[in-house]
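Read the structure below first, then the notes.
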Amino acid sequence: MRAEQSKSSLVWFRRSRFALLALLTVAGVVLAACDPAPPPAGPPSPDPVRAIVFKGLGTWWDVYDWSPTFVSSRNPAARPPHGTADVDRLAASGVQTLYIQTATYRLPNEPLLDRSLLRQIVDRAHSLGIRVVGWYLPEFNDVGYDLERFLEIARFGFDGLGIDIESTANADVAARSQNLITESAFLRGAFPQLSIAAIPVSAVIWEELNRSWWPNFPYRELAPLFDAWMPMAYWSYRTPQSGWFDPYRYVYESVVRLRRATGNANLPVHPIGGEAAKLSGADLFWMNQAMVDSGSIGGSIYDDATTNRDLVGALGLFRRELVK
(Lines of atoms letter the chains of each structure in order from A and count residues from 1; the text may use other names and numbers.)
(Lines give C-alpha, C1' and ligand atoms only; values in the text may rest on other atoms or scores of the structure.)
Protein backbone atom coordinates (compact mmCIF):
# COMPACT_ATOMS: atom_id res chain seq x y z
CA MET A 1 0.00 0.00 0.00
CA ARG A 2 3.01 2.29 0.11
CA ALA A 3 4.00 4.45 -2.88
CA GLU A 4 7.13 2.97 -4.45
CA GLN A 5 10.27 5.08 -4.48
CA SER A 6 13.77 4.11 -5.57
CA LYS A 7 16.28 3.19 -2.88
CA SER A 8 18.56 5.98 -3.97
CA SER A 9 15.74 8.52 -3.61
CA LEU A 10 15.07 7.42 -0.06
CA VAL A 11 18.73 7.79 0.86
CA TRP A 12 18.75 11.20 -0.74
CA PHE A 13 15.71 12.30 1.30
CA ARG A 14 17.35 11.03 4.47
CA ARG A 15 20.55 12.96 3.87
CA SER A 16 19.29 16.36 2.93
CA ARG A 17 16.32 18.30 4.22
CA PHE A 18 17.33 21.16 1.95
CA ALA A 19 17.22 18.91 -1.08
CA LEU A 20 13.78 17.79 0.00
CA LEU A 21 12.57 21.37 0.08
CA ALA A 22 14.02 21.90 -3.39
CA LEU A 23 12.13 18.87 -4.66
CA LEU A 24 8.91 20.22 -3.20
CA THR A 25 9.38 23.46 -5.10
CA VAL A 26 10.31 21.81 -8.40
CA ALA A 27 7.41 19.33 -8.18
CA GLY A 28 4.96 22.12 -7.55
CA VAL A 29 3.79 20.59 -4.30
CA VAL A 30 4.31 23.78 -2.34
CA LEU A 31 1.06 25.70 -2.43
CA ALA A 32 2.00 29.36 -2.48
CA ALA A 33 -0.07 31.44 -0.11
CA CYS A 34 -0.22 34.26 -2.63
CA ASP A 35 -1.50 31.99 -5.40
CA PRO A 36 -3.67 29.23 -3.89
CA ALA A 37 -4.83 26.31 -6.01
CA PRO A 38 -8.48 26.41 -7.11
CA PRO A 39 -10.88 24.44 -4.90
CA PRO A 40 -11.97 20.97 -6.00
CA ALA A 41 -15.01 20.79 -8.24
CA GLY A 42 -17.14 19.06 -5.60
CA PRO A 43 -17.03 18.14 -1.92
CA PRO A 44 -13.91 16.16 -0.96
CA SER A 45 -14.42 12.39 -0.99
CA PRO A 46 -11.85 10.54 1.11
CA ASP A 47 -11.28 6.95 0.06
CA PRO A 48 -13.41 4.83 2.44
CA VAL A 49 -10.95 1.95 2.16
CA ARG A 50 -8.14 4.10 3.56
CA ALA A 51 -10.46 5.44 6.28
CA ILE A 52 -11.00 1.90 7.61
CA VAL A 53 -7.63 2.14 9.35
CA PHE A 54 -9.12 4.71 11.73
CA LYS A 55 -12.41 2.90 12.31
CA GLY A 56 -13.52 1.48 15.64
CA LEU A 57 -11.86 1.44 19.07
CA GLY A 58 -8.42 3.00 19.28
CA THR A 59 -5.90 3.68 22.02
CA TRP A 60 -2.96 6.06 22.30
CA TRP A 61 0.69 5.71 23.31
CA ASP A 62 2.96 8.74 23.38
CA VAL A 63 6.74 8.67 23.77
CA TYR A 64 6.42 8.87 27.57
CA ASP A 65 4.61 5.53 27.47
CA TRP A 66 6.87 3.31 25.39
CA SER A 67 10.24 4.86 24.36
CA PRO A 68 13.23 3.99 26.60
CA THR A 69 15.38 6.53 24.76
CA PHE A 70 12.99 9.38 25.42
CA VAL A 71 12.10 8.42 28.99
CA SER A 72 15.75 7.99 30.01
CA SER A 73 16.57 11.37 28.46
CA ARG A 74 14.20 12.93 30.98
CA ASN A 75 15.19 10.70 33.90
CA PRO A 76 18.09 8.23 33.49
CA ALA A 77 16.65 5.94 36.16
CA ALA A 78 13.15 5.78 34.66
CA ARG A 79 11.65 3.21 32.32
CA PRO A 80 8.53 3.53 30.16
CA PRO A 81 5.38 1.81 31.47
CA HIS A 82 4.49 0.03 28.23
CA GLY A 83 6.23 -2.51 26.03
CA THR A 84 5.56 -5.38 23.68
CA ALA A 85 3.70 -7.40 26.34
CA ASP A 86 1.13 -4.62 26.68
CA VAL A 87 0.04 -5.20 23.09
CA ASP A 88 -1.46 -8.50 24.26
CA ARG A 89 -3.47 -6.59 26.88
CA LEU A 90 -4.77 -4.24 24.18
CA ALA A 91 -5.87 -7.19 22.05
CA ALA A 92 -7.65 -8.78 25.00
CA SER A 93 -9.41 -5.44 25.60
CA GLY A 94 -10.77 -5.33 22.06
CA VAL A 95 -8.57 -2.49 20.77
CA GLN A 96 -8.69 -2.29 16.98
CA THR A 97 -6.02 0.38 16.33
CA LEU A 98 -2.97 1.46 18.33
CA TYR A 99 -1.82 5.05 17.74
CA ILE A 100 1.86 5.41 18.69
CA GLN A 101 4.05 8.52 18.73
CA THR A 102 7.26 7.82 16.84
CA ALA A 103 9.42 10.89 17.58
CA THR A 104 9.41 14.19 19.45
CA TYR A 105 10.85 17.65 18.86
CA ARG A 106 12.39 17.32 22.33
CA LEU A 107 14.95 14.92 20.80
CA PRO A 108 15.77 16.70 17.53
CA ASN A 109 18.40 14.19 16.41
CA GLU A 110 16.03 11.21 16.60
CA PRO A 111 13.65 11.13 13.60
CA LEU A 112 12.41 7.68 14.69
CA LEU A 113 12.80 6.50 18.27
CA ASP A 114 13.87 3.00 19.33
CA ARG A 115 13.52 1.47 15.90
CA SER A 116 14.07 -2.16 16.98
CA LEU A 117 11.56 -2.01 19.85
CA LEU A 118 9.07 -0.18 17.65
CA ARG A 119 9.35 -2.96 15.07
CA GLN A 120 8.62 -5.53 17.78
CA ILE A 121 5.55 -3.59 18.93
CA VAL A 122 4.18 -3.20 15.41
CA ASP A 123 4.83 -6.83 14.48
CA ARG A 124 3.19 -8.06 17.68
CA ALA A 125 0.15 -5.86 17.10
CA HIS A 126 -0.22 -7.08 13.53
CA SER A 127 0.04 -10.70 14.66
CA LEU A 128 -2.90 -10.07 16.99
CA GLY A 129 -5.01 -8.29 14.39
CA ILE A 130 -4.41 -4.76 15.68
CA ARG A 131 -3.70 -1.99 13.19
CA VAL A 132 -0.96 0.50 14.09
CA VAL A 133 -0.81 4.18 13.15
CA GLY A 134 2.37 6.21 13.66
CA TRP A 135 1.85 9.84 14.64
CA TYR A 136 4.00 12.89 15.19
CA LEU A 137 3.50 16.40 16.59
CA PRO A 138 5.19 18.85 14.17
CA GLU A 139 6.02 22.44 15.08
CA PHE A 140 5.53 23.71 11.49
CA ASN A 141 8.71 25.78 11.57
CA ASP A 142 10.83 23.70 9.19
CA VAL A 143 9.01 21.73 6.50
CA GLY A 144 12.02 19.54 5.75
CA TYR A 145 12.57 18.71 9.42
CA ASP A 146 8.92 17.71 9.89
CA LEU A 147 8.81 15.70 6.68
CA GLU A 148 11.93 13.76 7.65
CA ARG A 149 9.96 12.40 10.60
CA PHE A 150 6.81 11.74 8.61
CA LEU A 151 8.81 9.92 5.93
CA GLU A 152 10.15 7.60 8.62
CA ILE A 153 6.55 6.73 9.52
CA ALA A 154 5.48 6.33 5.90
CA ARG A 155 8.31 3.90 5.11
CA PHE A 156 8.23 1.89 8.34
CA GLY A 157 5.27 -0.39 7.65
CA PHE A 158 2.55 1.25 9.73
CA ASP A 159 -1.06 0.94 8.63
CA GLY A 160 -1.48 4.70 8.68
CA LEU A 161 0.03 8.06 9.57
CA GLY A 162 -1.35 10.80 11.82
CA ILE A 163 -0.46 14.49 11.91
CA ASP A 164 -1.01 16.02 15.35
CA ILE A 165 -2.14 19.57 14.59
CA GLU A 166 -1.89 21.81 17.64
CA SER A 167 1.55 23.40 17.97
CA THR A 168 1.88 27.19 18.03
CA ALA A 169 5.69 27.10 17.99
CA ASN A 170 5.52 29.02 14.72
CA ALA A 171 3.93 32.27 15.89
CA ASP A 172 3.26 33.39 12.31
CA VAL A 173 -0.20 31.88 11.82
CA ALA A 174 -0.20 32.28 8.04
CA ALA A 175 3.22 30.60 7.74
CA ARG A 176 2.14 27.87 10.15
CA SER A 177 -0.95 27.12 8.05
CA GLN A 178 1.05 27.18 4.82
CA ASN A 179 3.63 24.76 6.20
CA LEU A 180 0.85 22.44 7.37
CA ILE A 181 -0.69 22.48 3.89
CA THR A 182 2.70 21.94 2.24
CA GLU A 183 3.58 18.97 4.45
CA SER A 184 0.13 17.39 4.06
CA ALA A 185 0.12 17.87 0.27
CA PHE A 186 3.58 16.36 -0.07
CA LEU A 187 2.65 13.26 1.94
CA ARG A 188 -0.59 12.79 0.02
CA GLY A 189 1.23 13.10 -3.30
CA ALA A 190 4.21 10.93 -2.36
CA PHE A 191 2.14 8.18 -0.72
CA PRO A 192 -1.23 8.10 -2.50
CA GLN A 193 -2.24 4.74 -0.98
CA LEU A 194 -1.21 5.55 2.61
CA SER A 195 -4.01 6.13 5.12
CA ILE A 196 -3.46 9.61 6.58
CA ALA A 197 -5.40 11.29 9.41
CA ALA A 198 -5.52 14.86 10.64
CA ILE A 199 -5.52 15.11 14.44
CA PRO A 200 -6.56 18.71 15.15
CA VAL A 201 -7.70 20.57 18.21
CA SER A 202 -11.50 20.54 18.36
CA ALA A 203 -13.29 23.19 16.32
CA VAL A 204 -15.15 24.01 19.54
CA ILE A 205 -11.86 25.52 20.75
CA TRP A 206 -10.79 27.23 17.54
CA GLU A 207 -14.23 28.59 16.67
CA GLU A 208 -15.49 29.56 20.11
CA LEU A 209 -13.36 29.03 23.21
CA ASN A 210 -9.98 30.25 21.97
CA ARG A 211 -10.15 31.88 18.53
CA SER A 212 -6.62 33.23 18.81
CA TRP A 213 -5.06 29.74 18.91
CA TRP A 214 -5.29 29.12 15.17
CA PRO A 215 -7.46 31.71 13.37
CA ASN A 216 -8.49 31.02 9.77
CA PHE A 217 -7.54 27.38 10.03
CA PRO A 218 -7.35 25.99 6.44
CA TYR A 219 -10.03 23.32 6.70
CA ARG A 220 -11.12 23.50 3.06
CA GLU A 221 -7.58 23.33 1.69
CA LEU A 222 -6.76 20.32 3.85
CA ALA A 223 -10.01 18.40 3.42
CA PRO A 224 -9.02 16.55 0.18
CA LEU A 225 -5.66 15.52 1.63
CA PHE A 226 -6.81 13.41 4.59
CA ASP A 227 -8.71 10.13 4.82
CA ALA A 228 -10.08 10.78 8.31
CA TRP A 229 -10.13 13.52 10.94
CA MET A 230 -9.59 12.87 14.64
CA PRO A 231 -10.52 15.95 16.70
CA MET A 232 -9.20 16.20 20.26
CA ALA A 233 -12.51 16.54 22.11
CA TYR A 234 -11.22 16.86 25.68
CA TRP A 235 -14.31 17.97 27.57
CA SER A 236 -12.67 17.23 30.95
CA TYR A 237 -10.60 20.41 30.53
CA ARG A 238 -13.77 22.51 30.59
CA THR A 239 -15.69 23.69 33.66
CA PRO A 240 -19.37 23.00 34.40
CA GLN A 241 -19.99 26.76 34.25
CA SER A 242 -18.73 26.88 30.64
CA GLY A 243 -21.53 24.66 29.36
CA TRP A 244 -18.93 22.40 27.70
CA PHE A 245 -18.27 20.00 30.58
CA ASP A 246 -20.52 17.54 28.81
CA PRO A 247 -19.18 14.53 26.87
CA TYR A 248 -22.19 14.30 24.57
CA ARG A 249 -22.31 17.98 23.61
CA TYR A 250 -18.55 18.42 23.28
CA VAL A 251 -18.01 15.31 21.15
CA TYR A 252 -21.08 15.83 18.98
CA GLU A 253 -20.22 19.48 18.31
CA SER A 254 -16.58 18.57 17.60
CA VAL A 255 -17.76 16.25 14.83
CA VAL A 256 -20.50 18.35 13.21
CA ARG A 257 -18.48 21.59 13.31
CA LEU A 258 -15.58 19.82 11.61
CA ARG A 259 -17.83 18.57 8.82
CA ARG A 260 -19.28 22.02 8.35
CA ALA A 261 -15.84 23.64 8.29
CA THR A 262 -14.47 21.19 5.70
CA GLY A 263 -17.62 21.32 3.59
CA ASN A 264 -17.99 17.54 3.68
CA ALA A 265 -21.15 16.26 5.39
CA ASN A 266 -19.82 12.69 5.09
CA LEU A 267 -16.33 13.36 6.43
CA PRO A 268 -14.96 10.27 8.26
CA VAL A 269 -14.43 11.44 11.85
CA HIS A 270 -13.00 9.58 14.86
CA PRO A 271 -13.25 11.80 17.97
CA ILE A 272 -10.71 11.49 20.78
CA GLY A 273 -12.10 12.00 24.29
CA GLY A 274 -10.18 12.92 27.37
CA GLU A 275 -8.35 13.19 29.40
CA ALA A 276 -8.65 9.53 30.30
CA ALA A 277 -7.75 9.76 34.00
CA LYS A 278 -10.79 11.95 34.67
CA LEU A 279 -13.40 9.89 32.82
CA SER A 280 -16.12 7.55 34.07
CA GLY A 281 -18.13 4.78 32.48
CA ALA A 282 -21.06 7.19 32.18
CA ASP A 283 -18.83 9.65 30.30
CA LEU A 284 -17.93 6.94 27.79
CA PHE A 285 -21.58 5.95 27.37
CA TRP A 286 -22.49 9.52 26.41
CA MET A 287 -19.41 9.92 24.25
CA ASN A 288 -20.42 6.79 22.33
CA GLN A 289 -23.97 8.12 21.99
CA ALA A 290 -22.56 11.30 20.44
CA MET A 291 -20.47 9.15 18.10
CA VAL A 292 -23.55 7.18 17.05
CA ASP A 293 -25.73 10.26 16.56
CA SER A 294 -23.02 12.04 14.55
CA GLY A 295 -22.16 9.01 12.45
CA SER A 296 -18.55 8.85 13.65
CA ILE A 297 -16.48 5.95 12.34
CA GLY A 298 -14.92 5.18 15.74
CA GLY A 299 -13.47 6.72 18.86
CA SER A 300 -10.80 6.62 21.54
CA ILE A 301 -9.64 8.37 24.70
CA TYR A 302 -6.23 9.87 25.45
CA ASP A 303 -4.33 7.96 26.61
CA ASP A 304 -3.86 4.27 27.41
CA ALA A 305 -1.42 4.82 30.29
CA THR A 306 -3.92 6.96 32.22
CA THR A 307 -7.03 4.89 31.45
CA ASN A 308 -8.67 3.19 34.43
CA ARG A 309 -8.72 -0.53 33.61
CA ASP A 310 -12.29 -0.65 34.98
CA LEU A 311 -13.32 1.26 31.84
CA VAL A 312 -12.39 -1.53 29.43
CA GLY A 313 -15.98 -2.73 29.21
CA ALA A 314 -17.36 0.75 28.49
CA LEU A 315 -14.68 1.35 25.85
CA GLY A 316 -15.95 -1.74 24.07
CA LEU A 317 -18.89 0.41 22.96
CA PHE A 318 -16.48 2.18 20.58
CA ARG A 319 -15.77 -0.95 18.54
CA ARG A 320 -17.07 -0.86 14.99
CA GLU A 321 -17.44 -3.60 12.40
CA LEU A 322 -14.86 -3.31 9.66
CA VAL A 323 -16.33 -3.48 6.18
CA LYS A 324 -14.02 -2.93 3.21
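If you use this note's numbering, the sequence shown corresponds to residues 1010 to 1333, in order.
Note that beta-carbon positions come from the ideal geometry of N, C-alpha and C, so glycine has one too.
**OP:** Please determine, among Phe1167, Gln1202 and Glu1148, the residue with the shortest C-alpha to C-alpha distance to Thr1177.
**Re:** One-based indexing of the sequence shown puts residue 1177 at position 168. For Thr1177, the nearest C-alpha among the options comes from Glu1148.
Original post:
Can the beta-carbon of Thr1068 be found closer than 9 Å to that of Leu1126?
Top reply: What you label residue 1068 is simply residue 59 of the sequence shown in a count that begins at 1. What you label residue 1126 is simply residue 117 of the sequence shown in a count that begins at 1. The answer is no: Cβ separation not under 9 Å.
Subject >> Member of Asp1236, Leu1121, Ala1134 and Ser1081 whose CA lies at the smallest distance from the CA of Ser1102 >> reply: The residue you call residue 1102 lines up with position 93 of the sequence shown. Ser1102 has its Cα closest to that of Ala1134, out of Asp1236, Leu1121, Ala1134 and Ser1081.
Original post:
What does DSSP give as the partner residues of Pro1334 in its beta bridges?
Top reply: A query on residue 1334 cannot be resolved here, the shown segment of the chain reaching from 1010 to 1333 and no further.
**OP:** Could you check what DSSP says for Gln1105 in three-state terms: helix, strand or coil?
**Re:** The sequence position of residue 1105 within the sequence shown is 96, counting from 1. If DSSP states are grouped into helix, strand and coil, Gln1105 belongs with coil.
Subject >> Nonlocal neighbours in the same chain, by C-beta distance under 7 Å from Arg1059, ignoring five residues either side >> reply: Against the sequence shown, residue 1059 aligns to sequence position 50. Only Ser1204 and Asp1236 meet the Cβ criterion.
Original post:
Apart from the five residues on each side of it in sequence, which residues of its chain come closer than 7 Å, Cβ to Cβ, to Asp1302?
Top reply: Mapped onto the sequence shown, residue 1302 falls at position 293. Excluding its 5 nearest sequence neighbours in each direction, Asp1302 has C-beta neighbours in its own chain below 7 Å: Tyr1261, listed in chain order.
Subject >> Proximity below 9 Å, CB of Leu1331 to CB of Lys1064 >> reply: The residue given as residue 1331 occupies position 322 in the sequence shown. The residue given as residue 1064 occupies position 55 in the sequence shown. Yes, the Cβ-Cβ distance between Leu1331 and Lys1064 is below 9 Å.
Original post:
Looking at Asp1123 and Pro1077, is the spacing between their C-beta atoms short of 9 Å?
Top reply: Along the sequence shown, read from residue 1 onward, the residue named residue 1077 stands at position 68. Along the sequence shown, read from residue 1 onward, the residue named residue 1123 stands at position 114. Pairing Pro1077 with Asp1123 gives a Cβ-Cβ distance under 9 Å.
Original post:
With DSSP run on the structure shown, which of helix, strand or coil describes Tyr1259?
Top reply: Within the sequence shown, numbered from 1, the residue matching residue 1259 stands at position 250. When secondary structure is reduced to three states using DSSP, Tyr1259 falls in the helix class.
Subject >> Three-way DSSP call (helix, strand, coil) for Ala1242 in this model >> reply: Against the sequence shown, residue 1242 aligns to sequence position 233. Looking at Ala1242 - three-state DSSP - the assignment turns out to be strand.
Subject >> Selection from Asp1312, Asp1313 and Pro1117 that minimises the alpha carbon distance to Gly1153 >> reply: Working through the sequence shown from its first residue, we reach residue 1153 at position 144. Looking only at Asp1312, Asp1313 and Pro1117, the smallest Cα-Cα distance to Gly1153 is reached by Pro1117.
Original post:
Do Asp1074 and Ala1274 have their CB atoms nearer than 9 Å?
Top reply: Here residue 1074 refers to the residue found at position 65 of the sequence shown. Here residue 1274 refers to the residue found at position 265 of the sequence shown. No, Cβ-Cβ distance for Asp1074 and Ala1274 is not below 9 Å.
Original post:
Out of curiosity, what's the CA-to-CA distance linking Val1213 and Trp1070?
Top reply: By one-based count along the sequence shown, residue 1213 stands at place 204. By one-based count along the sequence shown, residue 1070 stands at place 61. In a straight line, the C-alpha of Val1213 is about 24 Å away from that of Trp1070.
Original post:
Taking the Cβ atom as the reference point for each residue, do Ile1281 and Ala1232 lie within a distance shorter than 9 Å?
Top reply: Counted from its first residue, the sequence shown places residue 1281 at position 272. Counted from its first residue, the sequence shown places residue 1232 at position 223. No, they are not a contact pair.
Original post:
When DSSP builds the beta bridges, which residues end up paired with Ser1309?
Top reply: Counted from its first residue, the sequence shown places residue 1309 at position 300. Under DSSP, Ser1309 takes part in a beta bridge, and its partners are Ile1281.
Original post:
Hey, Leu1121 and Arg1158: beta-carbon distance below 9 Å or not?
Top reply: Within the sequence shown, the letter at position 112 stands for residue 1121. Within the sequence shown, the letter at position 149 stands for residue 1158. Going by C-beta atoms, Leu1121 is nearer than 9 Å to Arg1158.
**OP:** Spatial neighbours of Ser1186 within its chain, please: CB distance less than 6 Å, with the 5 preceding and 5 following residues excluded, ordered by chain position.
**Re:** What you label residue 1186 is simply residue 177 of the sequence shown in a count that begins at 1. Excluding residues within five positions, the ones whose Cβ falls inside 6 Å are Pro1227.
Subject >> Ala1163 (DSSP reduced to helix, strand or coil) >> reply: Here residue 1163 corresponds to residue number 154 of the sequence shown, with the count starting at 1. If DSSP states are grouped into helix, strand and coil, Ala1163 belongs with the helices.
**OP:** Alpha carbon to alpha carbon, how far is Met1296 from Leu1137? Give it in angstroms, no decimals.
**Re:** As a position in the sequence shown, residue 1137 is number 128, starting the count at 1. As a position in the sequence shown, residue 1296 is number 287, starting the count at 1. Taking the straight line joining both Cα atoms gives about 27 Å.
Original post:
Given a threshold of 16 other Cβ atoms within 10 Å of its Cβ, counted over all protein chains shown, does Gly1283 qualify as buried or as exposed?
Top reply: Within the sequence shown, residue 1283 is the residue found at index 274, counting from 1. Result: buried.
Original post:
Who are Gln1110's beta bridge partners in DSSP?
Top reply: Against the sequence shown, residue 1110 aligns to sequence position 101. When beta bridges are read from the DSSP output, Gln1110 appears opposite Trp1144.
**OP:** Alpha carbon to alpha carbon, how far is Asp1173 from Leu1293? Give it in angstroms, no decimals.
**Re:** If you number the sequence shown from 1, residue 1293 lands on position 284. If you number the sequence shown from 1, residue 1173 lands on position 164. Between Leu1293 and Asp1173, the alpha-carbon positions lie close to 23 Å from each other.
Subject >> Residue range of the unbroken alpha helix (DSSP H) whose run includes Leu1293 >> reply: Along the sequence shown, read from residue 1 onward, the residue named residue 1293 stands at position 284. Start and end: Gly1290 to Ser1303.
Original post:
Alpha carbon to alpha carbon, what distance is there between Asp1151 and Glu1192?
Top reply: The residue you call residue 1192 lines up with position 183 of the sequence shown. The residue you call residue 1151 lines up with position 142 of the sequence shown. Approximately 10 Å between the Cα atoms of the pair.
Subject >> Among His1279, His1091, Val1278 and Val1321, the one whose alpha carbon lies nearest that of Gly1290 >> reply: The residue you call residue 1290 lines up with position 281 of the sequence shown. Nearest neighbour of Gly1290 by Cα position, chosen from His1279, His1091, Val1278 and Val1321, turns out to be Val1321.
Original post:
With 16 as the cutoff for other CB atoms within 10 Å, does Ser1081 come out buried or exposed?
Top reply: Mapped onto the sequence shown, residue 1081 falls at position 72. Exposed: under 16 other Cβ atoms inside 10 Å.
Original post:
Between the Cα of Leu1170 and the Cα atoms of Ile1139, Leu1156, Pro1090 and Ala1206, which residue gives the shortest distance?
Top reply: Against the sequence shown, residue 1170 aligns to sequence position 161. Of the listed residues, the one whose Cα sits closest to Leu1170 is Ala1206.
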